[in-house]
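These notes concern the structure reproduced below.
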Amino acid sequence: MQDSSILIIGKNAKTGWRVDRRLRELGYPTRAVSRSTSPAFDWEDQGTWGAAMAGTRAAYVTFHPDLAIPSAEQTVRNFVALAAELGLEHLVLLSGRGEAGARRAELVLEDSGLDWNVVRASWFMQNFSENFMIEGILNGELMLPAGDTVEPFVDVDDIAEVAVATLTRPELRNRVFEVTGPRAMTFAECVAAISHATGYPVKYTQIPLEAFIDGLRGEGAPEQLLWLMRELFSVVFDGRNSRPTAGVEEALGRPATDFSEYVRKVMATGAWNRSGIQRQA
Ligand SMILES: NC(=O)c1ccc[n+]([C@@H]2O[C@H](COP(=O)([O-])OP(=O)(O)OC[C@H]3O[C@@H](n4cnc5c(N)ncnc54)[C@H](OP(=O)(O)O)[C@@H]3O)[C@@H](O)[C@H]2O)c1
Numbered sequence: 028m029q030d031s032s033i034l035i036i037g038k039n040a041k042t043g044w045r046v047d048r049r050l051r052e053l054g055y056p057t058r059a060v061s062r063s064t065s066p067a068f069d070w071e072d073q074g075t076w077g078a079a080m081a082g083t084r085a086a087y088v089t090f091h092p093d094l095a096i097p098s099a100e101q102t103v104r105n106f107v108a109l110a111a112e113l114g115l116e117h118l119v120l121l122s123g124r125g126e127a128g129a130r131r132a133e134l135v136l137e138d139s140g141l142d143w144n145v146v147r148a149s150w151f152m153q154n155f156s157e158n159f160m161i162e163g164i165l166n167g168e169l170m171l172p173a174g175d176t177v178e179p180f181v182d183v184d185d186i187a188e189v190a191v192a193t194l195t196r197p198e199l200r201n202r203v204f205e206v207t208g209p210r211a212m213t214f215a216e217c218v219a220a221i222s223h224a225t226g227y228p229v230k231y232t233q234i235p236l237e238a239f240i241d242g243l244r245g246e247g248a249p250e251q252l253l254w255l256m257r258e259l260f261s262v263v264f265d266g267r268n269s270r271p272t273a274g275v276e277e278a279l280g281r282p283a284t285d286f287s288e289y290v291r292k293v294m295a296t297g298a299w300n301r302s303g304i305q306r307q308a
């Protein structure tokens with residue numbers, strides 16, 4: 028057992044709760060925080076940070092909503108300065124591939140004088156089952172402006188395992204782990220695989236970026252989210268991230284999880300179950 032806790036920022040975020048669970052299973056005391064915990068941690072209220080961080084020795088950090096947003100670099104800079112002041116020794120940052128803003132935030136960590144790791148991830152497979160895309164899956168049509176760009180979607184269970192490895196194995200410190208799945212797929216291919224497994228029809232429909240943004244605006248999405256979606260689909264999703272990388276294998280000594288295995292796991296949870304749907308013959 029360690030004598031002080033590992034802080035997890037993003038208690039209910041897709042990687043945060045998984046990192047928390049794995050660390051506790053290994054016997055490490057943790058403190059997982061977000062806006063709804065006590066103590067609370069809110070990226071938009073620096074007054075909450077000190078109480079959440081005090082007494083911890085390392086942190087797994089997920090920024091919200093995304094390191095790509097223009098204010099992220101300064102916010103991370105303030106966070107890292109407070110971490111150093113409060114005596115944290117090691118910070119592990121979840122980052123995104125191909126995002127200029129995320130790279131600037133990574134550099135803040137790398138230049139901080141603290142021990143650091145960056146886990147730089149491709150798009151999460153779990154976006155199809157735990158995020159905004161599940162609605163399209165359940166409705167039978169996923170409409171996005173993603174085109175034919177291929178993306179090596181990564182299983183967030185792999186991300187969590189890599190993050191835990193960096194937090195528990197000192198020899199892995201001060202390195203970037205660029206983590207992706209083992210093969211690049213289009214959204215249409217992912218949707219087809221999900222449709223095949225669930226047995227109900229789901230199709231991918233390409234829509235123009237402006238129509239996608241207008242739709243989100245019509246649903247009342249905040250301006251920051253609209254900016255982020257435009258950035259992700261027009262800049263970050265231009266093909267720059269299509270190549271799979273070996274980060275999972277480098278950290279864990281085993282290959283990254285394939286999309287087919289992810290689909291199998293989700294099927295076992297029932298997350299894609301829907302009632303009243305005519306199953307395909
Ligand atoms: N999704 C992807 O494909 C992808 C790919 C690469 C990198 N990333 C990175 O992953 C991160 C997002 O992770 P995620 O998708 O797992 O997150 P997520 O599931 O959207 O995170 C939601 C959590 O964030 C907390 N939260 C919301 N606003 C907050 C705030 N102002 N301060 C503190 N906590 C807040 C919420 O809990 P409370 O309501 O309790 O606060 C909730 O538990 C981003 O930094 C992004 O750059 C994502």
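First residue of the sequence shown: 28, per the working numbering; consecutive thereafter. Beta carbons: idealized from backbone N, C-alpha and C, even for Gly.
Task: Ranges of the alpha helix (DSSP H) found wholly within the stretch 234–288, counting only runs of at least 4 - done: Those alpha helix (DSSP H) runs which fall completely within the stretch 234–288 and span 4+ residues are 236–245, 250–258 and 274–279.
- [ ] Spell out a yes or no on whether the stretch 165–176 and the stretch 226–241 are touching, meaning 3 or more CB-CB pairs, one atom from each, closer than 8 Å.
- [x] Yes, the stretch 165–176 touches the stretch 226–241.
- [ ] Could you have a look at F68 and say whether DSSP puts it in helix, strand or coil?
- [x] Three-state result, F68: coil.
Open item on the list: Using a Cβ-based criterion (distance less than 7 Å to any ligand heavy atom), does W150 qualify as near ligand 1?
Closed with: True, at least one ligand heavy atom lies under 7 Å from that Cβ.
- [ ] Following the continuous beta strand (DSSP E) through A85, name the residue where it begins and the one where it ends.
- [x] Counting along the chain, the beta strand (DSSP E) containing A85 begins and ends at T83 to V88.
Open item on the list: When you compare the CB positions of T42 and A190, do they come within less than 8 Å of one another, or not?
Closed with: Going by C-beta atoms, T42 is nearer than 8 Å to A190.
Task: Limits of the alpha helix (DSSP H) - the one that V107 falls within - done: Looking at the DSSP string, the run of the alpha helix (DSSP H) that includes V107 is A99 to E112.
Open item on the list: Using 8 Å as the cut-off, can you tell me whether the stretch 176–188 makes contact with the stretch 143–161, which would need three or more C-beta pairs spanning the two stretches below that distance?
Closed with: Counting C-beta pairs with one atom in each stretch, the stretch 176–188 and the stretch 143–161 have three or more that are closer than 8 Å, which means they touch.
- [ ] Reducing DSSP to helix, strand and coil, say where N39 ends up.
- [x] Here N39 sits in coil by DSSP.
Open item on the list: Could you check whether the Cβ of G245 sits closer than 8 Å to any Cβ belonging to chain D?
Closed with: This model lacks chain D altogether, as it is built from one protein chain only.
- [ ] Determine the direct distance from the alpha carbon of D47 to that of F68, and round the result to whole angstroms.
- [x] As the crow flies, the alpha-carbon of F68 is around 16 Å from that of D47.
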